[in-house]
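To get the working numbering, take the position in the sequence shown, counting from 1, and add 241. We put the CB at the ideal spot given by N, CA and C, even for glycine. To start, the structure itself, in structure tokens.
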Amino acid sequence: MPQVVKNYTFSLPIELLDRLKNYSNDGYVSSVNSAVKEAIELYVKSVEKQKLYKEMQAAAQDPLFMSDIQDVMNDFSYTDFEAIKETDK
242 MPQVVKNYTF
252 SLPIELLDRL
262 KNYSNDGYVS
272 SVNSAVKEAI
282 ELYVKSVEKQ
292 KLYKEMQAAA
302 QDPLFMSDIQ
312 DVMNDFSYTD
322 FEAIKETDK
């Protein structure tokens, strides 16, 4: 299924745009548009990773969450031990 796209206007420094155009002309990127799209995708992934890290830091301070994690670890300790034994063979 094709991805739905929307045109959006950004203001970029001329020097940066010129560099992207040169990279496109030299074959380093397929187009300025694809380079900008890839850069934004990488940036969004980075922000999402930072967000998840902060959420996990907050969760680590929550006694109920940590108790639940400990309970789950205890519940699976036998199967974890069995899996480790299998990999040691």
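- For the region 255-290, the continuous alpha helix (DSSP H) assignments of 4+ residues that do not extend past its boundaries occur at 255-266, in sequence order.
- In the three-state scheme derived from DSSP, where H, G and I count as helix and E and B as strand, residue 293 is classed as helix.
- Classified as buried, residue 261 has 16 or more neighbouring CB atoms from the shown chains inside 10 Å of its CB.
- Cβ-Cβ separation between residue 307 and residue 301: approximately 7 Å, consistent with a contact (criterion under 8 Å).
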